[in-house]
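Participant:
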Amino acid sequence: MMTERRTFDVLVVGAGPAGLAAAIETARRGARTLLVDENGKPGGQLFKQIHKFFGSHEHRAGVRGYDIGRQLLEDAAGAGVTVMLDSVVHGLFENRVAILQAGRQITVEAGRIILATGASENAVAFPGSTLPGVMGAGAIQTMINVHRVLPGKRIVMLGSGNVGLIVSYQLMQAGAEVLALVEAMPSIGGYGVHAAKIRRAGVPILIGTTISRALGHGKVEGVEIATVGPDFKIIAGSERVLAADTVGLAVGLTPLAELAWMAGCEFVFSPRLGGHVPLHDENMRTTLPELYVAGDITGVEEASTAMEEGRLAGIAAAESLGIIDAAAAAADKDAVRRRIDVLRSGPFGEGRRTAKAEILKQRALR
Amino acid sequence: MRVEKHPVLGDREVGRLVSITVDGKEIQAVEGEPIAAALLAQGMRVMRKTPRYGEPRGVFCGIGRCTDCIMTVDGVPNVRTCVTPVKGGMVVTSNLRDGGKE
Numbered sequence: 003m004m005t006e007r008r009t010f011d012v013l014v015v016g017a018g019p020a021g022l023a024a025a026i027e028t029a030r031r032g033a034r035t036l037l038v039d040e041n042g043k044p045g046g047q048l049f050k051q052i053h054k055f056f057g058s059h060e061h062r063a064g065v066r067g068y069d070i071g072r073q074l075l076e077d078a079a080g081a082g083v084t085v086m087l088d089s090v091v092h093g094l095f096e097n098r099v100a101i102l103q104a105g106r107q108i109t110v111e112a113g114r115i116i117l118a119t120g121a122s123e124n125a126v127a128f129p130g131s132t133l134p135g136v137m138g139a140g141a142i143q144t145m146i147n148v149h150r151v152l153p154g155k156r157i158v159m160l161g162s163g164n165v166g167l168i169v170s171y172q173l174m175q176a177g178a179e180v181l182a183l184v185e186a187m188p189s190i191g192g193y194g195v196h197a198a199k200i201r202r203a204g205v206p207i208l209i210g211t212t213i214s215r216a217l218g219h220g221k222v223e224g225v226e227i228a229t230v231g232p233d234f235k236i237i238a239g240s241e242r243v244l245a246a247d248t249v250g251l252a253v254g255l256t257p258l259a260e261l262a263w264m265a266g267c268e269f270v271f272s273p274r275l276g277g278h279v280p281l282h283d284e285n286m287r288t289t290l291p292e293l294y295v296a297g298d299i300t301g302v303e304e305a306s307t308a309m310e311e312g313r314l315a316g317i318a319a320a321e322s323l324g325i326i327d328a329a330a331a332a333a334d335k336d337a338v339r340r341r342i343d344v345l346r347s348g349p350f351g352e353g354r355r356t357a358k359a360e361i362l363k364q365r366a367l368r
Numbered sequence: 199m200r201v202e203k204h205p206v207l208g209d210r211e212v213g214r215l216v217s218i219t220v221d222g223k224e225i226q227a228v229e230g231e232p233i234a235a236a237l238l239a240q241g242m243r244v245m246r247k248t249p250r251y252g253e254p255r256g257v258f259c260g261i262g263r264c265t266d267c268i269m270t271v272d273g274v275p276n277v278r279t280c281v282t283p284v285k286g287g288m289v290v291t292s293n294l295r296d297g298g299k300e
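For the protein sequence lines, the chains are U and D, in the order given. Position one of the first sequence corresponds to residue 3 (our numbering), numbered consecutively onward. Position one of the second sequence corresponds to residue 199 (our numbering), numbered consecutively onward.
1. On the criterion of 16 or more Cβ atoms from any shown chain inside 10 Å, does U:S122 qualify as buried, or is it exposed?
2. Report yes or no: do the segment 135-149 of chain U and the segment 207-224 of chain U share at least 3 C-beta pairs separated by less than 8 angstroms?
3. Between which two residues does the beta strand (DSSP E) holding U:E111 run?
4. Taking the C-alpha atoms as reference points, what is the distance between D:V290 and U:A176?
5. Report the neighbours of U:Y136 on chain D: residues whose CB is nearer than 9 angstroms to its CB, in chain order.
6. Pick from U:R150, U:G42, U:G316 and U:E226: whose alpha carbon is nearest that of D:G208?
7. Can you say whether U:L347 is buried or exposed, counting buried as having 16 or more other CB atoms within 10 angstroms of its CB?
8. Quick check: is the beta carbon of D:G208 nearer than 7 angstroms to any beta carbon in chain U?
9. Any beta carbon from chain D within less than 7 angstroms of U:P19's own beta carbon?
10. Going by DSSP in three states, D:K203 sits in which element: helix, strand or coil?
11. Is it buried or exposed, U:E76, if we count other Cβ atoms within 10 angstroms and call 16 or more buried?
12. By Cβ distance, which residues of its chain are closer than 6 angstroms to D:K299, with the 5 residues on each side in sequence left out?
13. Roughly how many whole angstroms lie between the Cα atoms of U:V165 and U:G140?
14. Mind listing which residues of the segment 176-192 of chain U have their C-beta closer than 8 angstroms to chain D's C-betas, in chain order?
15. Once you ignore the five residues that flank U:K199 on each side, which residues in its own chain have a CB closer than 7 angstroms to its CB?
16. Of all Cβ atoms in chain D, is any one closer than 7 angstroms to the Cβ of U:T248?
17. Could you pull the DSSP bridge partners for U:Y193 from this structure?
18. Should U:D247 be labelled buried (16 or more other beta-carbon atoms within 10 Å of its own) or exposed?
19. Would you kindly check if the distance between the Cβ of U:L275 and the Cβ of U:G301 is under 7 angstroms?
20. Mind listing the chain D neighbours of U:S122? Cutoff is C-beta to C-beta under 9 angstroms, in chain order.
21. Leaving aside the five residues before and after U:G161 along the sequence, list all residues of the same chain whose C-beta is less than 6 angstroms from its C-beta, in chain order.
22. Put U:E179 into one of helix, strand or coil per three-state DSSP.
23. Distance, Cα to Cα, D:M288 vs D:S217?
24. Given U:R287, which residues of its chain have a CB within under 6 angstroms of its CB, disregarding the five upstream and five downstream residues?
25. How about U:T1 and U:G16: are their beta carbons less than 7 angstroms apart?
26. Contact criterion: CB-CB distance below 7 angstroms. Does U:G152 meet it with respect to chain D?
27. Please identify, using Cβ separations under 7 angstroms, the residues of the segment 223-244 of chain D that lie next to chain U, in order along the chain.
28. To the nearest angstrom, how far is the alpha carbon of U:D334 from that of U:I317?
29. In its own chain, which residues sit with a C-beta less than 6 angstroms from the C-beta of U:I342, not counting the 5 before and 5 after it?
30. Does any C-beta atom of chain D lie closer than 7 angstroms to the C-beta of U:G210?
31. Assuming U:R66 contacts U:I52 under a Cβ cut-off of 8 angstroms, what Cβ separation, rounded to an integer in Å, is found between them?
32. Can you give me, in chain order, the residues of the segment 285-299 of chain U that have a beta carbon less than 9 angstroms from any beta carbon in chain D?
33. Measuring straight from C-alpha to C-alpha, what distance separates U:A332 and D:V271?
34. With DSSP as the reference, please indicate the residues paired to D:E224 in a beta bridge.
35. I'd like to check one pair, U:A23 with U:G312: are the Cβ atoms closer than 7 angstroms?
36. For D:V212, would you say it is in contact with chain U, using Cβ-to-Cβ distances shorter than 7 angstroms as the test?
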């Protein structure tokens, strides 16, 4: 196979919110920047986010996800980022990255590599959970909002975090009926404002309840739910069947860190942030000097934080290459860090803030 | 089923319609949409059956990770239909088997 070779100052893997933001920051500072994504379109999961974002004005609060995505694409083009789509990064060896594009092998050598590969949805096992019609909530969201296809008409959603709440509401906007949102924990996981919207629309949110079985031959034809006790075990006799044809699973995400494992950087296990994440410092630098991380790969949060982490990684990478001096970098990084602190404040941000601080602490110890 | 009207996104913009063949049946699809989206729009949910036990599988993750939705496309086996765009004239088969080894 013919191998094409190219050289860049910075290579960013993943064109979602974190990767786009990182690439914009490095390119704006004069680094020749390549942004690679396996999908045919950039933007990651932003273009299915049709709800308005939270936060303050400087976090683009009140702006819908797809509009933030469009702005990032414009900024990336304006900054001179080279974007390579339909291209799978399958190898990472120090400063060399192996890319497969339509059967063509490309090797890119880059001074700094920023991994912004995101996360994937968790599954949960119950009898019938492999039946067609049981889908990740994010997969449902992509189908209805991006491709404008309803995968089912009567849905039971499992998990009351923001993903479960928001996708339930968006299913209704798309014309589906949400029969119930069930949550094994004793309280709702996500924001009250999202929960209130679906409750006002008449959807029961059943806490202390789980899916015990998906029923059907060849596809989902019914969903059995059941009450759980304090030990999360199903209380016998509490089972009842809902006439659903689709199940959405909104039970968390796991960082997609395969490339970081391959590169050989050190990891830390953070249950609060979704599992094993590359150990990194306050500059988003891993234990390998050329390798940076940003966004959900560093621990699952949300798009606003991912963008800020991308900016931080981009500024720090440019600084470490000597493209900008330490004083200029310090001012820019401080501004980003202040915004990140705001995003991780309050009762919902507290857990993430503590978990992130623990990662930095672990990094300092090794 | 297609989401034709939407309170935030507005009316669905219909892209270029093309025909593809799925297990011998011709269906209409939007050029460039994932094959899996075209199938779900027709209510076709079973993308394959597992080789050993013949259990049905469909779209789960939608981002090309879980490989539950793989089908044979234009003779190429194990194609992830959730991330492979539709082209006119595609021939898609689901490798359906009743279980057991071939």
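Every residue, glycine too, gets a C-beta built ideally from N, C-alpha and C.
Facilitator: Once the coordinates are examined:
1. Counting from one through the first sequence, the residue named residue 122 of chain U turns up at place 120. Answer is buried; the Cβ neighbour count reaches 16.
2. By the Cβ criterion, the segment 135-149 of chain U is in contact with the segment 207-224 of chain U, since at least three pairs of Cβ atoms, one from each stretch, lie closer than 8 angstroms.
3. By one-based count along the first sequence, residue 111 of chain U stands at place 109. Note, U:E111: beta strand (DSSP E), R106 to L117.
4. Taking the first residue of the second sequence as 1, we reach residue 290 of chain D at position 92. Taking the first residue of the first sequence as 1, we reach residue 176 of chain U at position 174. So the two alpha carbons sit approximately 28 angstroms from each other.
5. Here residue 136 of chain U is taken as the residue at index 134 of the first sequence, counted from 1. Inspection of the sequence shows that residue 136 of chain U is occupied by Val rather than by Tyr. In chain order: G256 and F258.
6. Taking the first residue of the second sequence as 1, we reach residue 208 of chain D at position 10. Considering only alpha carbons, the answer is U:R150.
7. In the first sequence, residue 347 of chain U corresponds to position 345, counting from 1. In the sequence on display, residue 347 of chain U carries Ser and not Leu. By the C-beta density criterion, U:S347 is exposed, having fewer than 16 other C-beta atoms within 10 angstroms.
8. Within the second sequence, residue 208 of chain D is the residue found at index 10, counting from 1. With a threshold of 7 angstroms between beta carbons, D:G208 makes no contact with chain U.
9. Along the first sequence, read from residue 1 onward, the residue named residue 19 of chain U stands at position 17. No - not a single Cβ of chain D is within 7 angstroms of the one on U:P19.
10. Position 5 of the second sequence, counted from the first residue, corresponds to residue 203 of chain D. In this structure, D:K203 counts as coil in the three-state DSSP scheme.
11. Within the first sequence, numbered from 1, the residue matching residue 76 of chain U stands at position 74. U:E76 should be labelled exposed.
12. Against the second sequence, residue 299 of chain D aligns to sequence position 101. Legend: pLDDT at D:K299 = 42, less than 50; position of this residue unreliable, value from coordinates given subsequently. Leaving aside the five residues that flank D:K299 on each side, none in its chain has a CB nearer than 6 angstroms to its CB.
13. Your numbering for residue 165 of chain U matches position 163 in the first sequence. Your numbering for residue 140 of chain U matches position 138 in the first sequence. Spanning the two alpha carbons is a distance of roughly 7 angstroms.
14. Of all residues in the segment 176-192 of chain U, only A176 and G177 place a beta-carbon less than 8 angstroms from a beta-carbon of chain D.
15. Position 197 of the first sequence, counting from 1, holds the residue named residue 199 of chain U. Excluding positions up to five away in sequence, the list reads Y171.
16. Locating residue 248 of chain U in the first sequence gives position 246, where the first residue counts as 1. Chain D, which has no Cβ nearer than 7 angstroms to the Cβ of U:T248, makes this no.
17. In the first sequence, the residue the question calls residue 193 of chain U occupies position 191. U:Y193 is not bridged to any residue.
18. As a working mapping, residue 247 of chain U is identified with position 245 in the first sequence. That one is buried.
19. To locate residue 301 of chain U, count along the first sequence from 1; it is residue 299. To locate residue 275 of chain U, count along the first sequence from 1; it is residue 273. Yes, the Cβ-Cβ distance between U:G301 and U:L275 is below 7 angstroms.
20. On the first sequence, position 120 is the one that residue 122 of chain U refers to. C259, I261, R263 and C264, listed in chain order.
21. The residue labelled residue 161 of chain U in the question sits at position 159 within the first sequence. Excluding positions up to five away in sequence, the list reads A252 and V253.
22. Locating residue 179 of chain U in the first sequence gives position 177, counting from the first residue. In the structure shown, U:E179 adopts extended strand secondary structure according to DSSP, grouped into three states.
23. Counted from its first residue, the second sequence places residue 288 of chain D at position 90. Counted from its first residue, the second sequence places residue 217 of chain D at position 19. When the Cα atoms are used, D:M288 and D:S217 turn out to be separated by approximately 8 angstroms.
24. Position 285 of the first sequence, counted from the start, is the residue given in the question as residue 287 of chain U. Spatial neighbours of U:R287 in its own chain (CB-CB distance under 6 angstroms, excluding positions within 5 residues in sequence) are listed in chain order as Y294.
25. Coverage of chain U is limited to positions 3 through 368, which leaves residue 1 of chain U absent and any answer about it impossible.
26. Translated into the one-based positions of the first sequence, residue 152 of chain U becomes position 150. Gly is not the amino acid found at residue 152 of chain U; the sequence shown has Leu there. Look at U:L152: its C-beta is under 7 angstroms from a C-beta on chain D.
27. Here the close residues are E231, P232, A235, L238, A239, R243 and V244.
28. On the first sequence, residue 334 of chain U is found 332 positions in, with the first residue counted as 1. On the first sequence, residue 317 of chain U is found 315 positions in, with the first residue counted as 1. Rounded to the nearest angstrom, the two C-alpha atoms are 7 angstroms apart.
29. Position 340 of the first sequence holds residue 342 of chain U. Spatial neighbours of U:I342 in its own chain (CB-CB distance under 6 angstroms, excluding positions within 5 residues in sequence) are listed in chain order as E310.
30. Numbered from its first residue, the first sequence carries residue 210 of chain U at position 208. Chain D contact via Cβ: absent.
31. As a position in the first sequence, residue 66 of chain U is number 64, starting the count at 1. As a position in the first sequence, residue 52 of chain U is number 50, starting the count at 1. With a Cβ gap of about 6 angstroms, U:R66 and U:I52 count as contacting.
32. Among the residues of the segment 285-299 of chain U, none has a Cβ less than 9 angstroms away from any Cβ of chain D.
33. As a working mapping, residue 332 of chain U is identified with position 330 in the first sequence. As a working mapping, residue 271 of chain D is identified with position 73 in the second sequence. Cα to Cα, the separation comes out at about 52 angstroms.
34. Counted from its first residue, the second sequence places residue 224 of chain D at position 26. D:E224 pairs with D:T219.
35. Counting from 1 along the first sequence, the entry for residue 312 of chain U is found at position 310. Counting from 1 along the first sequence, the entry for residue 23 of chain U is found at position 21. Contact: yes.
36. Taking the first residue of the second sequence as position 1, residue 212 of chain D is located at position 14. Using a Cβ-Cβ cut-off of 7 angstroms, D:V212 does not count as an interface residue toward chain U, since no Cβ of chain U sits closer than that to its own.
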